[in-house]
Every structure is written in C-alpha cells, then in structure tokens.
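Residue numbers (the UniProt record's numbering), protein chains in the order written: chain A, 1 to 208; chain B, 1 to 208. Even for Gly, the Cβ is constructed at its ideal location relative to N, Cα and C. Treat the numbers as computed from the prediction; the structure is a model and nothing was measured. Some notes on the structure that comes next.
Protein chains: 2
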Amino acid sequence: MRPESRSMRESILAAAVQLFAQYGYHAAPLRDIARIAGIQAASIYHHYPSKQALLVEIMETHMLRLNASLEHILKENDDPLQRLHAAIANHIRLHTTYKEEFFIIDTEMRALEDEHRPYILSLRDKYEALLQELLQDGMEREIFRRSDVKIASYAIIAMCTEVATWFRPNGRLSVQQVNTIYRQFITEGLLLPPGVAAPMPDETAHLL
Amino acid sequence: MRPESRSMRESILAAAVQLFAQYGYHAAPLRDIARIAGIQAASIYHHYPSKQALLVEIMETHMLRLNASLEHILKENDDPLQRLHAAIANHIRLHTTYKEEFFIIDTEMRALEDEHRPYILSLRDKYEALLQELLQDGMEREIFRRSDVKIASYAIIAMCTEVATWFRPNGRLSVQQVNTIYRQFITEGLLLPPGVAAPMPDETAHLL
DNA sequence: GTCTATAGCTGGATAGAC
DNA sequence: GTCTATCCAGCTATAGAC
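Spelled out as structure tokens, the structure:
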C-alpha cells in the first residue's frame, strides 16, 4: 500500500469517526463522510468495500487496543489493588484519548450487521473476562470485598466508559483528576467510615 | 379521546418502544411499527404527527416519571444515607421495569431533532441536579466522603442505568439482589477495610 | 485513484376513498 | 379511524470514463 493511499484511507476513517459519533451510524450519510475527507462518495469504495466496513474497522481497532493494554497490565502486575488501579487508569486514559471511537463502540453495537456482530461482541466479552479475572483473584486473596464478580465488572466498566460521553479535553478536570476521583470511588465508595470520620481526610494526609 | 382510540395509540407506542430499543430509531421502519401494532403505516399519522413524535413521547413520559419519583424520595426522607439507598433502589426499579424505554433514552438522544432535544436534555439535567443535591447535602453533613459531586452523580447514574442493558427478568439475579449489590458497591466500594479483614488464616497469623 | 452519472431501493409522509 | 396508492427525498452502491 502506497503512502498516498494510506493517507486517504485514514482521512476517510477519521471523517467516519467524527460523523458516526456525532449523528450515529445510520444518520451519517456517506456523502458527508466523503466531503469531510475531501473526495466524492463513490471514491470511498476504492478504499473500503462498504459503509459497514468503516464501522467494523473503528470498533475492531480500538477493542483490540483496549484488550491488549489490559492483558499487559495483568501480566506486569501481581498485586490485585495495583492491577485494579492500573486497569482503571488505562480504561480512562483510552476512553478520553479515543473518546469518539469508544463512544461509537458503546452506542452503535446494534448497527453491526449479523455477519460482524459476534466477532466484535467476542472482543467485548474478552475485556469483561479479563476484568472479572482481576476481580475474582482480588476477592479470593481477601483484598476485595466478596461480591458478585459479573455485576462489579459491569458497574466499573459502565462508569469508566461513560467518561467518553462527558469528558472535554479542556474542561474543568484533567484526565489525572478524573482518574483519581474514580479510583477512590471504586475502591472506597461514597460512605465515610463511621469511626474515622473527623480530623484528617486520608487522601490528603500523605501530602503533608 | 375515546377508549378505542387510546388503545391503538398505546399499541403503536408499545411497538415503537420495542423496535427503537431493538434496532435503534433510524433503523426501525415505521412500516414495521405499524405491522406490530396491527395497522397500516399511514394510519399511524391519525394518532401521531410524525415518527419523531413517538420518540419524544417515550422519552418525555419516562423522564418525567423518573424525576417525579426522585423528587418524592427527597421530600419524604431527610437522612442522606436513607435518601441514597432509596434513590438507588428507585433508579434500578424503574430501569428494570421500563428497561426498553430507558435504554432508548440512554442511546437515542442523538436522534432527537433540534426542536425537541433541549427539552428532553433539561429533564435529564433536572435528574442529575436532584441527585447532586442529595450528594452535596450528604457531604456537608459528613455522611459521605467529600468528593467531586458532579462526577459522583455521573458515576452512579451510569452504573445504575446500564442495568437496563443487561438485566433479564428471569435471569440469574432478581431486582432486589441487583439492588443490594449496587447499594454496597456505591456506599462501601470494592476494597475490604484493612483492619476488619476477617479471621486470619492460621498460616499467616504469625506474621503479625 | 478519483470522477460523473445513475441504478436500485427504502424510507417518512401525504392524498383521498371508504 | 383505517385503508390503498403514491409521492418524493435520501440513501448505499455500482458502472464506466479519465
């Protein structure tokens, strides 16, 4: 594949990402994707066989990226809490960096045709299984509270994924701040421990 | 409005709920909605002015229901923890009872035309504001850990809303079980309190 | 590799009979 | 209140020139 060709391929994909995220797959006309990429609609078919192929490529690329990064974290860490912290940070980092792509993954599963849906779903299932493995291990080693592993994984994924919906790169909070807030919420919950209520908040004590 | 008329109105709406949830707004043809309701597509226009009107009515009805129930909870309770428990239970109850309707609210915001989107968004904002009021009050009264109120509200809403995606009425867990698991996760988090870490296994007790 | 032109279809919505 | 018939706009995708 020659460089000029690859460049146009990427321009088309970037335009598709933008419009799929903004209007949804079915509401985004191929003509508009072509216009943003700077060519005619028919020319897209030199680079991709169909509109559906654009959606599949967006979803596959980023689900593979997400899974590979979590597999790497599990391989490099043994401590359940370190693993969880790294997994949260990784999920939030990717969902803010590739915010539109993951928003599409989160909202356009139904737009996948029967031919491709099982494959993309299997990638999503794989991610859930990796996180559940992390949680199960942490519970067996008495680091995490024993709870329903599946529901815990769904809850963590849902709240960390939704960051892709509202996060703004130049908004009130940085990625690092969002990460810190989510980490504490997931590990410690909302409730103040009854006895420890008063003087020094844990999260600032170590700064002194 | 005569009874026969209202009945067909509801049949049409129910069919729209089913197909919007299953295929998405843009991918659900009006002809299919009509077929499920047992009439011809053109007859729908006697009951609703447009396809868009079906979507708006579904979203409005259930967002109003959700807001009214949370307002009622805030009025009837004063204790922050009781309020939070009631809010979680209420959110999960509605999102499992009207699972398709809330799934549509969660995934088809982009399908709203400019004329109606601000109104539906204002209802969603209202719900977030009510929950944030609950959280803010609980933090000021030293019941909840001080944290970012907006993010905490987004996290709680995201995880409790996603129940509408995977919950199955005759599945592994009852609504009550799901509610209990979520309640503990939100208030206490995943981590076991270090001191309270259960009876110590014999082979590690000597390390203390 | 990109273009113009258009095929082929499907969709929401309307007209007007009954 | 529901029907049949149809308009017409919009879409994805293809054909074939350059």
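**OP:** Consult DSSP for A/F144 and reduce its assignment to one of helix, strand or coil.
**Re:** strand
**OP:** Helix, strand or coil for A/E60, going by three-state DSSP, please let me know.
**Re:** helix
Original post:
Taking Cβ positions, are B/I12 and B/I58 nearer each other than 8 Å?
Top reply: no
**OP:** Report all residues from its chain with a CB closer than 7 Å to the CB of A/D32; omit the five preceding and five following residues, and keep chain order.
**Re:** Sequence-distant Cβ neighbours of A/D32 in its own chain, meaning closer than 7 Å and more than five residues away, are L19.
Original post:
chain A partners of B/T96, CB-CB under 9 Å?
Top reply: In chain order: nothing, as chain A lies at least about 13 Å away.
**OP:** Consult DSSP for A/L191 and reduce its assignment to one of helix, strand or coil.
**Re:** Strand, per DSSP.
Original post:
So, does the CB of A/R147 fall closer than 8 Å to a CB anywhere in chain B?
Top reply: Strictly speaking, residue 147 of chain A in this sequence is Ser, with Arg absent from that position. Yes, contact with chain B.
Subject >> chain A residues whose Cβ lies nearer than 7 Å to that of residue 221 of chain B >> reply: Here chain B comprises residues numbered 1 to 208, so residue 221 of chain B is not present and cannot be evaluated.
**OP:** Output the distance between the C-alpha atoms of A/A89 and B/T165, rounded to the nearest integer angstrom.
**Re:** 24 Å
Original post:
Should B/H72 be labelled buried (16 or more other beta-carbon atoms within 10 Å of its own) or exposed?
Top reply: exposed
Original post:
Which chain B residues sit within Cβ distance under 8 Å of A/P193?
Top reply: P193
**OP:** Just mark A/E188 as buried or exposed, buried being the case when its beta carbon has 16 or more other beta carbons within 10 Å.
**Re:** Buried, because 16 or more other Cβ atoms sit within 10 Å of the Cβ of A/E188.
Subject >> A/G38: contacting residues in chain B (beta-carbon distance under 7 Å) >> reply: Near A/G38 there are no residues of chain B at all, since even the closest Cβ is about 25 Å away, more than 7 Å.
Subject >> Same chain, Cβ closer than 6 Å to A/N67, neighbours up to 5 away in sequence not counted >> reply: These residues qualify, in order along the chain: K126, Y127.
Subject >> Start-end ranges of the alpha helix (DSSP H) lying completely within the segment 53-119 of chain B, minimum 4 residues >> reply: 80-97, 99-107
Original post:
Under 7 Å Cβ-Cβ, which residues of chain A neighbour B/M159?
Top reply: Contact of B/M159 with chain A by beta-carbon distance below 7 Å involves A155, A158, M159.
Subject >> Nonlocal neighbours in the same chain, by C-beta distance under 8 Å from B/R6, ignoring five residues either side >> reply: none
Subject >> Range covered by the alpha helix (DSSP H) that runs through B/I151 >> reply: Run containing B/I151: 149-161, per the alpha helix (DSSP H) assignment.
Original post:
Leaving out five residues before and five after B/E60 in sequence, what residues of the same chain have Cβ atoms less than 8 Å from its Cβ?
Top reply: Y119, I120, L123
**OP:** Compare the C-beta of B/E133 with all C-beta atoms of chain A and state if any pair is closer than 8 Å.
**Re:** When Cβ-Cβ separations below 8 Å define contact, B/E133 makes no contact with chain A.
Subject >> Where A/Q184 meets chain B, residues with beta-carbon distance less than 9 Å >> reply: R145, S147, G189
**OP:** Under 8 Å Cβ to Cβ from A/L130, same chain only, skipping five residues before and after it: list those, please.
**Re:** Cβ neighbours of A/L130 beyond the five flanking positions: N67, L70, E71, L74.
Original post:
At a CB-CB cut-off below 9 Å, which residues of chain A make contact with B/V178?
Top reply: D148, I151
Original post:
Leaving out five residues before and five after B/I92 in sequence, what residues of the same chain have Cβ atoms less than 7 Å from its Cβ?
Top reply: C160, V163, V175, V178, N179, Y182
Subject >> Pair within 8 Å by beta-carbon distance, A/G138 and A/P80 >> reply: yes
**OP:** Run the CB neighbour count on B/L64, radius 10 Å, all protein chains shown included, and call it buried at 16 or more, exposed below.
**Re:** B/L64 comes out exposed.
Original post:
Do you know offhand how far A/Y25's Cα is from A/E108's?
Top reply: 7 Å
Subject >> Exposure label - B/S50; buried when at least 16 CB within 10 Å >> reply: exposed
**OP:** Could you check how far apart the C-beta atoms of A/Q132 and A/S147 are, in whole angstroms? I think they sit under 8 Å.
**Re:** No, A/Q132 and A/S147 are not in contact; Cβ-Cβ is about 12 Å, not under 8 Å.
**OP:** Give me the Cβ distance between A/F102 and A/L112, rounded to the nearest whole Å; I'm assuming they're in contact under 8 Å.
**Re:** In fact, because the Cβ distance is near 15 Å, the residues do not count as touching under 8 Å.
Original post:
Does the Cβ of B/H46 have 16 or more other Cβ atoms within 10 Å, making it buried, or fewer, making it exposed?
Top reply: By the 10 Å Cβ count, B/H46 comes out exposed.
Original post:
Can you tell me whether DSSP reads A/P47 as helix, strand or coil?
Top reply: In the sequence under discussion, the amino acid at residue 47 of chain A is His, which differs from the Pro named in the question. Looking at A/H47 - three-state DSSP - the assignment turns out to be helix.
**OP:** Answer yes or no: the CB of B/E113 versus the heavy atoms of the ligand GTP, is any distance below 7 Å?
**Re:** The ligand GTP is absent from the structure shown, which contains no ligand whatsoever.
Original post:
List, in order along the chain, the chain A residues whose C-beta lies closer than 7 Å to that of B/H26?
Top reply: G24, H26, A27
Original post:
With a cut-off of 8 Å, does the C-beta of B/E113 fall near any C-beta of chain A?
Top reply: no
**OP:** Out of B/F167, B/F185, B/A42, B/Q82, state which residue places its alpha-carbon closest to the alpha-carbon of B/I143.
**Re:** B/Q82
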